[in-house]
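These notes concern the structure reproduced below.
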Amino acid sequence: MSDLLKELMSLDDCTFHQNCDLTSFTTFKLKSVGDLIEVHSVSALQNLLPKLNKFHKNFLVVGWGANQILPAQCDELVIHLDFSFDKKYLEEKKDEYILPASLGINHLTAHAVTFGLKGWEVFTGIPASLGGAIFMNAGTNLGEIGSLIKKVMLVTPEGKIREELITHESFSYRKNHFVRPGEIIIGAVMIHHGVDEKISQKIKDYLQYRKISQPLTTKNCGCVFKNPMKEFPAGKLIDLLQLKGVQSGDLKISPKHGNFMENSGKANWDQFKALVDLINFEMDHFYGLEFELEVKIPYH
Ligand SMILES: Cc1cc2nc3c(=O)[nH]c(=O)nc-3n(C[C@H](O)[C@H](O)[C@H](O)COP(=O)(O)OP(=O)(O)OC[C@H]3O[C@@H](n4cnc5c(N)ncnc54)[C@H](O)[C@@H]3O)c2cc1C
Numbered sequence: 093m094s095d096l097l098k099e100l101m102s103l104d105d106c107t108f109h110q111n112c113d114l115t116s117f118t119t120f121k122l123k124s125v126g127d128l129i130e131v132h133s134v135s136a137l138q139n140l141l142p143k144l145n146k147f148h149k150n151f152l153v154v155g156w157g158a159n160q161i162l163p164a165q166c167d168e169l170v171i172h173l174d175f176s177f178d179k180k181y182l183e184e185k186k187d188e189y190i191l192p193a194s195l196g197i198n199h200l201t202a203h204a205v206t207f208g209l210k211g212w213e214v215f216t217g218i219p220a221s222l223g224g225a226i227f228m229n230a231g232t233n234l235g236e237i238g239s240l241i242k243k244v245m246l247v248t249p250e251g252k253i254r255e256e257l258i259t260h261e262s263f264s265y266r267k268n269h270f271v272r273p274g275e276i277i278i279g280a281v282m283i284h285h286g287v288d289e290k291i292s293q294k295i296k297d298y299l300q301y302r303k304i305s306q307p308l309t310t311k312n313c314g315c316v317f318k319n320p321m322k323e324f325p326a327g328k329l330i331d332l333l334q335l336k337g338v339q340s341g342d343l344k345i346s347p348k349h350g351n352f353m354e355n356s357g358k359a360n361w362d363q364f365k366a367l368v369d370l371i372n373f374e375m376d377h378f379y380g381l382e383f384e385l386e387v388k389i390p391y392h
């Protein structure tokens, strides 16, 4: 057994799984196998990162796994945060919230519906952990989560805690500009813009709209491509190319929304690549453009 393996197995407040099935750690559920460590506290993460640094071990972070594709054989250690959180914290409205990165943002949406928090409608229906949503600056056509973040707390590769105060330059479309290589978001301070009773209904209506317009109950990774321009969403362009419903093995371009791909069973990486290449070939042919991937593909 390697020295690193021994250290990983003996870390307090962590659960290490060697060569385990990672398929269920992404919403797309492409088959993947590799080493996984579940980290249950900030101090455990502060112990873990310097060790990985010392052994030059690459890692990747998976939150809800709603915007990532893992390789069939994952050579990097997968880190999954699983910090404890007392849901009672969300029983009362506050001016500012100190929240852990591993919290599912669906809990925040439920809280916003209860209290009508202005601004919190922007992330309605997005499957995400708070850390993943901040990393991606997740958003809808109502806005982006970055507009609600005051401060982000991170652990550095040396195991130190760093705090980033958020400014207008901290985020852009589906991007943050402050997470440095090797850092992991551990939490954030979130604000809202007051209370408005109409927000609760707005969130409920938007959830309904998403159910109708996106294949939310299938195995998918959300939007595969970034929108090249606001006026021309990728889904609309793929629709115009008449590619909706096109299939490669167990994977098909969603008939409901052109920017989604649905895994009907045991879809794999090659089938994903085949559909991406086909779409970009047609895009280049008809519009002289290629899409940029929104979904994260570590180490490709
Ligand atoms: C059905 C469906 C609908 C979707 N709709 C939307 C939408 O409307 N709008 C939208 O913006 N997105 C949407 N998405 C994509 C996805 O929900 C968002 O990108 C979300 O922010 C991903 O969060 P996550 O926790 O799943 O992150 P993951 O997919 O696990 O990770 C995404 C990236 O963030 C990094 N990361 C995750 N956690 C941390 C952390 N703690 N510290 C540092 N880095 C971290 C990962 O390494 C990776 O690079 C959708 C996805 C699905 C499946």
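Counting from 93, one number per residue, gives the positions in the sequence shown under the working numbering.
Positions of the beta carbon are idealized from the N, C-alpha and C atoms, including for glycine.
If you're wondering where the values come from, they're calculated on a predicted model, not measured in any experiment.
* To do: Please say whether residue 287 and residue 207 have beta carbons closer to each other than 8 Å?
  => As a position in the sequence shown, residue 207 is number 115, starting the count at 1. As a position in the sequence shown, residue 287 is number 195, starting the count at 1. When the beta-carbon positions are compared, residue 207 and residue 287 come within less than 8 Å of each other.
* Asked: Where does residue 349 fall in DSSP's three states?
  -> In the sequence shown, counting from the first residue as 1, residue 349 sits at position 257. The three-state reading of DSSP puts residue 349 in coil, since its state is none of H, G, I, E or B.
* To which residues of the same chain is residue 122 closer than 8 Å at the C-beta, ignoring the five residues directly before and after it? -> Position 30 of the sequence shown, counted from the start, is the residue given in the question as residue 122. Taken in chain order, the residues that qualify are 115, 161, 162, 164, 355, 359, 360, 361 and 364.
* Asked: Should residue 158 be listed as close to ligand 1, given that the test is whether its C-beta is under 7 Å from any heavy atom?
  -> As a first step, residue 158 must be located in the sequence shown, where it is residue number 66. With a threshold of 7 Å, the Cβ atom of residue 158 counts as near ligand 1, since some heavy atom of the ligand is closer than that.
* Is the Cβ-Cβ distance between residue 146 and residue 213 less than 8 Å? -> In the sequence shown, counting from the first residue as 1, residue 146 sits at position 54. In the sequence shown, counting from the first residue as 1, residue 213 sits at position 121. The answer is no: Cβ separation not under 8 Å.
* To which residues of the same chain is residue 306 closer than 7 Å at the C-beta, ignoring the five residues directly before and after it? -> Mapped onto the sequence shown, residue 306 falls at position 214. 348, 349 and 352.
* To do: Using three-state DSSP, classify residue 262 as helix, strand or coil.
  => Here residue 262 refers to the residue found at position 170 when the sequence shown is read from its first residue. Three-state DSSP puts residue 262 in coil, outside helix and strand.
* May I ask you to list the residues that DSSP assigns as paired with residue 321? => The residue you call residue 321 lines up with position 229 of the sequence shown. 324, per the DSSP bridge assignment.
* Asked: Distance, Cα to Cα, residue 173 vs residue 377?
  -> Here residue 173 is taken as the residue at index 81 of the sequence shown, counted from 1. Here residue 377 is taken as the residue at index 285 of the sequence shown, counted from 1. Each residue's alpha carbon lies about 43 Å from the other.
* **Identity of the residues DSSP links to residue 300 by a beta bridge** => Here residue 300 refers to the residue found at position 208 of the sequence shown. Answer is none; residue 300 lacks a bridge partner.
* To do: Indicate whether the contact test is met: 3 or more Cβ pairs, each with one atom in the segment 98-105 and one in the segment 133-142, closer than 8 Å.
  => They touch, by the three-pair rule.
* Would you call the segment 334-342 and the segment 241-255 touching, i.e. three or more CB-CB distances under 8 Å? -> Contact between the segment 334-342 and the segment 241-255 is absent, because fewer than three Cβ pairs lie under 8 Å.
* Asked: So, residue 125 versus residue 171, is the Cβ gap smaller than 8 Å?
  -> In the sequence shown, counting from the first residue as 1, residue 125 sits at position 33. In the sequence shown, counting from the first residue as 1, residue 171 sits at position 79. For residue 125 and residue 171, no; Cβs fall outside 8 Å.
* The beta strand (DSSP E) spanning residue 276 covers which residue range? -> Your numbering for residue 276 matches position 184 in the sequence shown. 276-283 is the extent of the beta strand (DSSP E) around residue 276.
* To do: Could you give the DSSP three-state label for residue 218: helix, strand or coil?
  => As a position in the sequence shown, residue 218 is number 126, starting the count at 1. Here residue 218 sits in coil by DSSP.
* **Proximity winner among 375, 187, 297 and 218, relative to residue 285 (alpha-carbon distances)** => For the purposes of this step, residue 285 is taken as residue 193 along the sequence shown, with counting starting at 1. If we check each option's Cα against that of residue 285, 187 comes out closest.
* Asked: Of all the options 372, 254, 133 and 289, which has the alpha carbon lying nearest to the alpha carbon of residue 327?
  -> One-based indexing of the sequence shown puts residue 327 at position 235. The shortest CA-to-CA distance from residue 327 to any of 372, 254, 133 and 289 is the one to 372.
* For residue 119, which option in 308, 322, 317 and 234 has the closest C-alpha, if you only look at C-alpha atoms? -> What you label residue 119 is simply residue 27 of the sequence shown in a count that begins at 1. Here the closest residue by C-alpha is 308.
* With a CB to CB cut of under 8 Å and the five nearest residues on each side skipped, what residues in its chain are close to residue 158? -> For the purposes of this step, residue 158 is taken as the residue at position 66 of the sequence shown. Scanning its chain for C-beta atoms nearer than 8 Å, with the 5 sequence neighbours on each side dropped, one finds around residue 158 the residues 118, 119, 218, 219, 220, 224, 313 and 314, in chain order.
* To do: Note down, in chain order, each residue of its chain lying with its Cβ closer than 7 Å to the Cβ of residue 99, except the 5 sequence neighbours on either side.
  => On the sequence shown, position 7 is the one that residue 99 refers to. Here the set comprises 143.
* Asked: When you compare only the Cα positions, how much space is there between residue 222 and residue 282?
  -> Sequence index remark: in the sequence shown, residue 222 carries index 130 (1-based). Sequence index remark: in the sequence shown, residue 282 carries index 190 (1-based). Their backbone Cα atoms lie some 10 Å apart in a straight line.
* How is the beta strand (DSSP E) around residue 306 delimited, first residue to last? -> By one-based count along the sequence shown, residue 306 stands at place 214. In the DSSP assignment, residue 306 falls outside any beta strand (DSSP E), carrying neither H nor E.
* **Residue burial classification, residue 311 (beta-carbon count within 10 angstroms, cutoff 16)** => Here residue 311 is taken as the residue at index 219 of the sequence shown, counted from 1. Buried.
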